[in-house]
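Residue numbers (full-length UniProt numbering), protein chains in the order written: chain S, 1 to 191; chain A, 1 to 191.
As C-alpha cells, the structure follows; a few thoughts come after it.
Protein chains: 2
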Amino acid sequence: MDGLVDGGPRDHVVAVADDLFFTHGVHAVTMQRIRSEAGVPLKKLYGMFPSKDVLLAASLERRDRIALCAITERAETCDDPVERALAVFDFLDDWFRQPGFHGCVFAGAFGESGAAAPVVVSAVRAHKRSLRELVTALVAGTGVRNADAVGAQLAVLVDGAMAVATFTGDTDAARNARQAARTVLDTALRD
Amino acid sequence: MDGLVDGGPRDHVVAVADDLFFTHGVHAVTMQRIRSEAGVPLKKLYGMFPSKDVLLAASLERRDRIALCAITERAETCDDPVERALAVFDFLDDWFRQPGFHGCVFAGAFGESGAAAPVVVSAVRAHKRSLRELVTALVAGTGVRNADAVGAQLAVLVDGAMAVATFTGDTDAARNARQAARTVLDTALRD
DNA sequence: GACAGGTGAGAATGATGGTTCTCACGCCGC
DNA sequence: GCGGCGTGAGAACCATCATTCTCACCTGTC
Numbered sequence: 001m002d003g004l005v006d007g008g009p010r011d012h013v014v015a016v017a018d019d020l021f022f023t024h025g026v027h028a029v030t031m032q033r034i035r036s037e038a039g040v041p042l043k044k045l046y047g048m049f050p051s052k053d054v055l056l057a058a059s060l061e062r063r064d065r066i067a068l069c070a071i072t073e074r075a076e077t078c079d080d081p082v083e084r085a086l087a088v089f090d091f092l093d094d095w096f097r098q099p100g101f102h103g104c105v106f107a108g109a110f111g112e113s114g115a116a117a118p119v120v121v122s123a124v125r126a127h128k129r130s131l132r133e134l135v136t137a138l139v140a141g142t143g144v145r146n147a148d149a150v151g152a153q154l155a156v157l158v159d160g161a162m163a164v165a166t167f168t169g170d171t172d173a174a175r176n177a178r179q180a181a182r183t184v185l186d187t188a189l190r191d
Numbered sequence: 001m002d003g004l005v006d007g008g009p010r011d012h013v014v015a016v017a018d019d020l021f022f023t024h025g026v027h028a029v030t031m032q033r034i035r036s037e038a039g040v041p042l043k044k045l046y047g048m049f050p051s052k053d054v055l056l057a058a059s060l061e062r063r064d065r066i067a068l069c070a071i072t073e074r075a076e077t078c079d080d081p082v083e084r085a086l087a088v089f090d091f092l093d094d095w096f097r098q099p100g101f102h103g104c105v106f107a108g109a110f111g112e113s114g115a116a117a118p119v120v121v122s123a124v125r126a127h128k129r130s131l132r133e134l135v136t137a138l139v140a141g142t143g144v145r146n147a148d149a150v151g152a153q154l155a156v157l158v159d160g161a162m163a164v165a166t167f168t169g170d171t172d173a174a175r176n177a178r179q180a181a182r183t184v185l186d187t188a189l190r191d
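Below, the structure written as C-alpha cells:
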C-alpha cells in the first residue's frame, strides 16, 4: 500500500473511489456517492477528473498497483521458486473466500463501459498485461526454459479462476487452477 | 441449431433477441431494437416477458444450447478421445478469430445486471455448469481416472481463454489454454 | 464594516432506456 | 352497416445517473 498516496486531494479521491469500486462493484457506485465519501464537492471532483470513466481508469491503475504488490509480497514469503510462482493462486484462494468477494473489478469495469470508454479498456488491458508479466517473471525464476509460453498458460489459469469464481461462486476455482498450474510447471521443468 | 425453434412467436422473439445480444453485446441492445427486429409490438413483448432480464435469461438459455451443440458437434469430428476433449479449445480458437467477436455473452450479461437480476445470474450459472459437465464428460471419455478433477481444471482453462480473449484481445488465448489442457490431460493419463 | 472572490452543498439539467399508455385501425358477430 | 374488441405502432412516463449550475456563505482585504 506504500507509494500509493502522496497526501494530495487527487490521490485521496482516487483512493476513496477505488475502495468503493472494489467493495461494492463498479456499477453500484455513483459519482454522488464518491463525492459524499470523499467529502469533496462535485465541482471539484469534475475539476480533477473530466468524467467518471477517467476517474474509474485512475482507480483501476491504483488497484493494479495494489494487486501486483500484494501478489509479489505473497510470492516473496515462499522459498521454493515453484511455490513462489504458484503463490498467485493462493492469493486468489484467500480472496475468493472473503465474504465481500464479488468478482474482479477489472472485469466489472470492462463489462460496465464495454468498448464505449477507451480509457477504461486500456487500463484493464494494462492490468492484465502487467499481471501476465509478473506471472511470467515468477515462472522464469523457476529456471524453466520457455518461461513466456508457460507464463501465458498460467495467466490464462489466473483469469479463468477469477471468471469461474465470479460467475459460479465456486470457491474452489483457485485450487483447481493451482493444480493445473502445478502440472504445467512441473512438466515444463522436466524437459 | 435444430430443436431450438417451434415456430411460435415466443421462440421467434427469443431467437431474435439472442442474435442481437450475441452480435452486438448485451448492453448495446435495447428493448426498442428487439421490438423492431422481431416485428412485435412492445405490448406483446412485455406480455411474453415481464422484463428485459427475463427475456435476456431466456436468450441465454437458447445460447447455452447452441454453444453446447456446436462444441459437441466439433468434438464428434475427432476420432482420438484426447483430441475430442481438446476440441472445445479449437472451437474457441475459431470463435475468437471471427471479426465480430467481442467476448462471452454470459460474461457480458453478468456484468450488465450484476447481482441485481437473479434470473440472469442463474442462467449464467446454469450455462457454466453445463459447460463444465460437457468438458468433464469428454475428459471421462479419455479413460482418465479422476475425470471430475481434470474436468474442473479444463473448465477453468476454458473460462480463462474467454476472459483473456475478451479483455486483452489476445487471439492466442485459446491456443495457450489448449496447450495447458493437453499437458494436464496427458499427465492425468500417464498415471 | 463592506466588498470581491472563491468554495461548498446540493438543486437543476439532460440523456438514456425500461416500462406503460393512448389511440386509431381492421376484424368479427349481429 | 355497425358496435365492440384485439392489436399494432409509437408516444408518454418514470427512474436513474452523469454532468452542470446556482446561490448562500466564508474569508481575506481595505
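Idealized CB from N, CA, C, for every residue including glycine.
Here the structure is a predicted model, which means the values were calculated and not measured.
Own chain, CB closer than 7 Å to residue i, minus 5 neighbours either side, in chain order
| i | result |
| --- | --- |
| A:Phe91 | Ala70, Ile71, Arg74 |
Beta-carbon proximity list for residue i, same chain, < 8 Å, skipping 5 on both sides
| i | result |
| --- | --- |
| A:Asp53 | Ser113, Ala117, Val119, Val120 |
| S:Leu185 | Val82, Ala85, Leu86, Val139, Thr142, Val144, Val150, Leu154 |
| A:Glu76 | Arg84 |
Backbone CA spacing between residue i and residue j [nearest angstrom]
| i | j | result |
| --- | --- | --- |
| S:Ala126 | S:Arg65 | 11 Å |
| A:Asp2 | A:Ser122 | Residue confidence for A:Asp2 is low, a pLDDT of 40 falling below 50, so the modelled location carries little weight; the figure read from the coordinates is stated next. The straight-line gap from Cα to Cα measures roughly 24 Å. |
| A:Thr166 | A:His102 | 6 Å |
| S:Val14 | A:Leu154 | 38 Å |
| A:Val16 | A:Ile34 | 7 Å |
| S:Phe22 | S:Ala109 | 10 Å |
| A:Ser130 | A:Ala152 | 12 Å |
| S:Glu37 | A:His27 | 29 Å |
| S:Gly160 | S:Lys43 | 40 Å |
| A:Thr30 | A:Pro50 | 15 Å |
| S:Arg175 | S:Phe89 | 7 Å |
| S:Gly47 | S:Pro9 | 12 Å |
| A:Leu55 | S:Arg190 | 51 Å |
| A:Leu134 | A:Gln32 | 36 Å |
| A:Gly100 | A:Asp79 | 31 Å |
| S:Gly39 | A:Ala115 | 28 Å |
| S:Arg132 | S:Gly25 | 23 Å |
| A:Asp94 | S:Pro41 | 50 Å |
Continuous alpha helix (DSSP H) stretch holding residue i: start and end
| i | result |
| --- | --- |
| A:Asp11 | 9 to 24 |
| S:Pro81 | 81 to 96 |
| A:Phe106 | 105 to 113 |
| S:His127 | 118 to 140 |
| A:Ser36 | 31 to 38 |
| S:Asn176 | 173 to 190 |
| S:Cys69 | 52 to 76 |
| A:Gly160 | 147 to 168 |
| A:Gly47 | 42 to 48 |
Cβ separation of residue i and residue j, assumed to be a contact under 8 Å, to the nearest whole Å
| i | j | result |
| --- | --- | --- |
| S:Val150 | S:Ala188 | 5 Å |
| A:Ala180 | S:Leu45 | Not a contact, Cβ separation roughly 44 Å. |
| S:Lys128 | A:Thr168 | 5 Å |
| A:Ala163 | S:Ala163 | 5 Å |
| A:Ala18 | A:Ser59 | What sits at residue 18 of chain A in the sequence shown is Asp, not Ala. A:Asp18 to A:Ser59, Cβ: 4 Å. Contact. |
| S:Phe96 | S:Ala147 | Contact doesn't hold; Cβ gap of about 27 Å is too wide. |
| A:Arg62 | A:Val105 | No, A:Arg62 and A:Val105 are not in contact; Cβ-Cβ is about 10 Å, not under 8 Å. |
| S:Thr183 | A:Thr183 | 6 Å |
Proximal residues of chain S, C-beta to C-beta of residue i below 8 Å
| i | result |
| --- | --- |
| A:Arg125 | Phe167, Thr168, Gly169 |
| A:Val164 | Lys128, Ala155, Val156, Asp159 |
| A:Ala15 | None at all; the shortest Cβ gap to chain S is about 23 Å. |
| A:Pro137 | Note that residue 137 of chain A is Ala in the sequence shown, not Pro. Chain S residues near A:Ala137: none, gap ~17 Å exceeds 8 Å. |
| A:Ala117 | What A:Ala117 touches in chain S: nothing, since even the nearest Cβ is about 12 Å away. |
Chain-ordered chain A contacts of residue i [CB-CB under 7 Å]
| i | result |
| --- | --- |
| S:Glu112 | Gly111 |
| S:Asn176 | Ala152, Gln153, Val156 |
Chain S residues whose Cβ lies nearer than 7 Å to that of residue i
| i | result |
| --- | --- |
| A:Gly108 | Gly111 |
| A:Thr187 | Thr183, Thr187 |
| A:Ala173 | Val156 |
| A:Gln32 | None at all; the shortest Cβ gap to chain S is about 18 Å. |
Nonlocal neighbours in the same chain, by C-beta distance under 6 Å from residue i, ignoring five residues either side
| i | result |
| --- | --- |
| A:Ala57 | Val119, Val120, Ala123 |
Residue i: contacting residues in chain A (beta-carbon distance under 9 Å)
| i | result |
| --- | --- |
| S:Gln98 | Under the 9 Å cutoff, chain A gives no residues; its nearest Cβ is about 16 Å from S:Gln98. |
| S:Ala38 | Near S:Ala38 there are no residues of chain A at all, since even the closest Cβ is about 23 Å away, more than 9 Å. |
| S:Ala87 | Residues of chain A passing the Cβ test: none, with the nearest at roughly 17 Å. |
Neighbouring residues, chain A, relative to residue i (Cβ below 8 Å)
| i | result |
| --- | --- |
| S:Ala58 | Residues of chain A passing the Cβ test: none, with the nearest at roughly 19 Å. |
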